[in-house]
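In the UniProt record's numbering, the protein residues as written are 1 to 567.
Printed below as a string of structure tokens:
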């Protein structure tokens with residue numbers, strides 16, 4: 001990212017200076033009126049002074065008439081390492097100093113009702129007129145696109161301008177269709193047909209990630225006088241449907257199509273030789289979108305492909321959109337705001353489970369943690385057993401656990417949440433569960449069996465949503481070849497040859513011994529089935545595993561790994 005940090009003072013709801021850090025992708029998260037939009041506005045006015053007006057000065061500060069009450073201050077710290085030209089980079093570092101900062105102030109002069117704009121660089125003040133040419137080059141290289149889902153017409157106008165640039169750059173200079181604008185005028189009708197096809201197919205190919213059967217049609221104007229404009233962008237979701245002008249589409253489809261259009265053009269380096277650094281300011285892009293499109297859009301916005309080309313700063317209320325940042329978590333920053341103050345700001349991989357749960361409460365969705373843990377770039381395995389021994393044993397044989405859940409009830413909850421969006425996951429989610437009494441809670445999900453080996457079954461409940469069920473009565477302990485012999489040795493400590501409790505028992509079996517009292521068993525298998533569930537026997541078994549360095553049977557390891565590779 002080129003914009004590393006911003007400091008805002010006496011601007012919008014920010015009375016005292018508040019600083020925000022950014023990554024290639026950044027989410028500003030908070031309730032209504034928490035201050036998210038003013039951060040985007042501050043960035044916008046820093047690079048476009050015409051967007052500033054006196055109403056943006058903090059009302060409380062202005063009314064209070066204290067020092068600098070009529071002056072908004074915006075400070076941006078740049079990451080000059082992103083400048084491509086080594087010579088320009090060196091000159092800028094000399095100009096900006098080690099902090100790489102520029103301060104811009106807007107002073108409202110009450111008498112004349114005018115605004116004075118000044119820059120401060122290394123304690124020296126400048127105006128637009130006497131800024132160093134390299135500073136102007138830096139500021140001019142940053143292309144700000146403010147994208148609000150309710151301002152589709154303005155987004156369209158910007159897209160039309162960029163499409164025109166692409167046409168001129170790629171065909172006015174390089175295309176075999178025409179070597180110059182003069183030739184373009186002489187063969188306009190032929191060119192128009194090919195141009196429509198070229199631009200339409202490019203955008204259609206990008207949008208097929210979201211609507212696989214869609215088709216976009218772009219129309220260049222017929223009159224040669226209007227050749228340097230894009231007259232219409234039309235869209236149809238399927239070849240059997242009519243083409244409809246983009247501004248007549250629903251707001252959700254409209255903004256999604258235009259996001260793709262802007263990406264196609266901002267990432268096209270053939271248009272932007274030299275320094276060009278696009279920055280998108282997205283205002284709640286999830287507005288008007290169905291959940292499935294929100295997930296698809298989020299995966300694009302957070303993808304390495306998009307973020308290597310564009311710095312994206314997004315305000316949002318959407319748990320699903322935020323959760324998609326897990327596909328690129330070390331490069332996506334979350335800043336949680338409350339009443340114009342930063343509660344917490346970190347890359348999303350550094351937020352704890354408890355922090356994410358609290359954010360879910362603020363967002364009004366208790367499933368946010370589940371979204372975040374399951375919408376990721378890699379497949380993930382969840383188990384129902386939180387014991388440390390279980391997790392470590394699976395890990396020791398190369399079966400990595402994403403998370404250990406608290407029993408089959410939590411497994412059921414996760415599956416019920418994930419099934420609503422499993423079609424849109426990048427990679428499959430697996431649940432490895434015991435086949436005991438708890439199986440009845442997930443019976444409804446066990447309908448589409450894909451495989452069975454040695455009693456271990458693989459079910460595909462939904463696309464990308466799988467359940468691995470251990471053999472009947474099995475838990476992880478049964479996956480050890482030595483399990484039966486260890487259990488029998490343990491039972492010998494508390495049961496005599498008549499299947500009755502012994503009179504004197506070791507302290508480590510006292511709970512199991514007490515459990516047996518008053519019970520009658522007809523055979524040894526009944527004793528095993530009853531006592532193996534007792535904590536004393538589990539502790540005894542795992543102590544033997546540790547003492548003898550035992551591990552899960554290779555047969556079961558291979559079966560589970562094979563199932564985890566299923567697609």
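Ideal Cβ placement from N, Cα and C applies to all residues, glycine included.
Look at the alpha carbon of residue 569 and the alpha carbon of residue 474, and state the distance between them as a whole number of angstroms. In the structure displayed, the chain extends from 1 to 567; residue 569 sits before or after that span and is not available.
Which class does residue 333 belong to by DSSP, given the choice of helix, strand or coil? The answer is strand: DSSP assigns residue 333 an E or B state.
Can you name, in chain order, every residue of its own chain whose Cβ lies under 6 Å from the Cβ of residue 51, other than the five neighbours on each side? Counting only Cβ-Cβ distances below 6 Å, and skipping sequence neighbours, we find 44 and 45.
Specify the secondary structure class of residue 96 as computed by DSSP and reduced to three states. For residue 96, the secondary structure class from DSSP, reduced to helix, strand or coil, is helix.
Inside the region 33 to 76 only - alpha helix (DSSP H) runs reaching at least 4 residues: The alpha helix (DSSP H) runs of length 4 or more contained entirely in the region 33 to 76 are, from start to end of the chain, 36 to 47 and 59 to 64.
Suppose you measure from the CA of residue 16 to the CA of residue 77; what does that come to, to the nearest Å? Looking at the two C-alpha atoms, the distance is approximately 18 Å.
So, is residue 511 buried or exposed, given that buried needs 16 or more other C-beta atoms within 10 angstroms? Residue environment for residue 511: exposed (fewer than 16 other C-beta atoms within 10 angstroms of its C-beta).
Given residue 136 as reference, the closest of 48, 193 and 62 once Cα atoms are compared: It is 48 whose Cα lies nearest to the Cα of residue 136.
Residue 279 and residue 142: beta carbons closer than 9 Å? Residue 142 is positioned such that its CB atom lies closer than 9 Å to that of residue 279.
Please specify which runs of the alpha helix (DSSP H), each continuous and at least 4 residues long, are wholly inside the region 455 to 540, giving them in chain order. Listed in chain order, the complete alpha helix (DSSP H) runs (minimum 4 residues) inside the region 455 to 540 are 483 to 491, 510 to 516 and 524 to 531.
I believe residue 335 touches residue 28 by the beta-carbon criterion, under 8 Å. Please report the beta-carbon distance rounded to the nearest angstrom. Between residue 335 and residue 28 a beta carbon distance of about 5 Å is seen, short of the 8 Å cut, so the two are scored as contacting.
Which residues does DSSP pair with residue 103 in a beta bridge? Per DSSP, 75 and 120.
If residue 467 and residue 431 are in contact, beta carbons under 8 Å, what's the gap, nearest whole angstrom? A Cβ-Cβ separation of about 5 Å places residue 467 in contact with residue 431 under the 8 Å criterion.
Going by the beta-carbon positions, is the gap between residue 106 and residue 71 smaller than 9 Å? Yes, the Cβ-Cβ distance between residue 106 and residue 71 is below 9 Å.
Where do the ends of the beta strand (DSSP E) carrying residue 305 lie? Here residue 305 belongs to no beta strand (DSSP E); instead the alpha helix (DSSP H) covers 304 to 307.
Could you give the distance in angstroms between the alpha-carbon of residue 317 and the alpha-carbon of residue 26? Answer to the nearest angstrom: the Cα atoms are 14 Å apart.
Just to confirm my understanding: we take residue 330, look at its own chain, exclude 5 residues before and 5 after, and list those with CB closer than 7 Å. What are they? Closer than 7 Å at the Cβ level, and outside the excluded window around residue 330, lie 347 and 349.
Enumerate in chain order the residues of its own chain whose CB-to-CB distance from residue 403 is below 7 Å, with the five nearest sequence positions on each side excluded. These residues qualify, in order along the chain: 373 and 382.
Proximity below 9 Å, CB of residue 389 to CB of residue 434: A distance of 9 Å or more separates the beta carbons of residue 389 and residue 434.
Under the DSSP definition of a beta bridge, which residues are partnered with residue 280? Partner(s): 145 and 312.
May I have the straight-line CA-CA distance separating residue 379 from residue 414, to the nearest angstrom? The straight-line gap from Cα to Cα measures roughly 15 Å.
Counting Cβ pairs, one atom from each stretch, are 3 or more of them under 8 Å apart for the region 81 to 89 and the region 56 to 63? No, the region 81 to 89 does not touch the region 56 to 63.
Flag this pair as yes or no: are the beta carbons of residue 352 and residue 328 separated by less than 9 Å? No, these two residues do not count as a Cβ contact at 9 Å.
Does DSSP put residue 193 in a helix, a strand or coil? When secondary structure is reduced to three states using DSSP, residue 193 falls in the helix class.
In the DSSP assignment, what are the bridge partners of residue 387? None; residue 387 has no bridge partner.
Would you mind working out which of 497, 542 and 533 sits nearest residue 522, comparing C-alpha positions? Among 497, 542 and 533, the Cα nearest to that of residue 522 is on 497.
Counted within 10 angstroms of its Cβ, other Cβ atoms place residue 23 as buried (16 or more) or exposed: It is buried - the Cβ of residue 23 has at least 16 other Cβ atoms within 10 Å.
Minimum C-alpha distance to residue 260 - residue among 290, 288, 276 and 296: Cα-wise, what sits closest to residue 260 is 296.
Any C-beta of chain C under 9 Å from that of residue 76: You won't find chain C in this structure, because it holds only one protein chain.
Of all the options 444, 408, 500 and 365, which has the alpha carbon lying nearest to the alpha carbon of residue 320? Residue 365 is the option with its Cα nearest to residue 320.
Whole-angstrom distance between residue 326 and residue 138, CA atom to CA atom: Cα to Cα, residue 138 sits roughly 32 Å from residue 326.
Sequence-distant residues of the same chain with beta carbon closer than 8 Å to residue 548, five excluded per side: A distance below 8 Å between beta-carbons, with the five flanking residues on each side excluded, links residue 548 to the following residues of its chain, in chain order: 482.
Are the Cβ atoms of residue 140 and residue 121 separated by less than 9 Å? Cβ distance not < 9 Å, so residue 140 and residue 121 don't count as in contact.
Below 8 Å on the Cβ atoms is my guess for residue 281 versus residue 147; work out the distance and round it to an integer in Å. Between residue 147 and residue 281 the Cβ distance is about 7 Å, and since that is below 8 Å, they are a contact.
With distances taken from CA atoms, which of 556, 298 and 417 is nearest residue 377? Looking at 556, 298 and 417, the one whose alpha-carbon comes closest to that of residue 377 is 298.
Host beta strand (DSSP E) of residue 21 (start-end): Its beta strand (DSSP E) spans residues 18 to 21.
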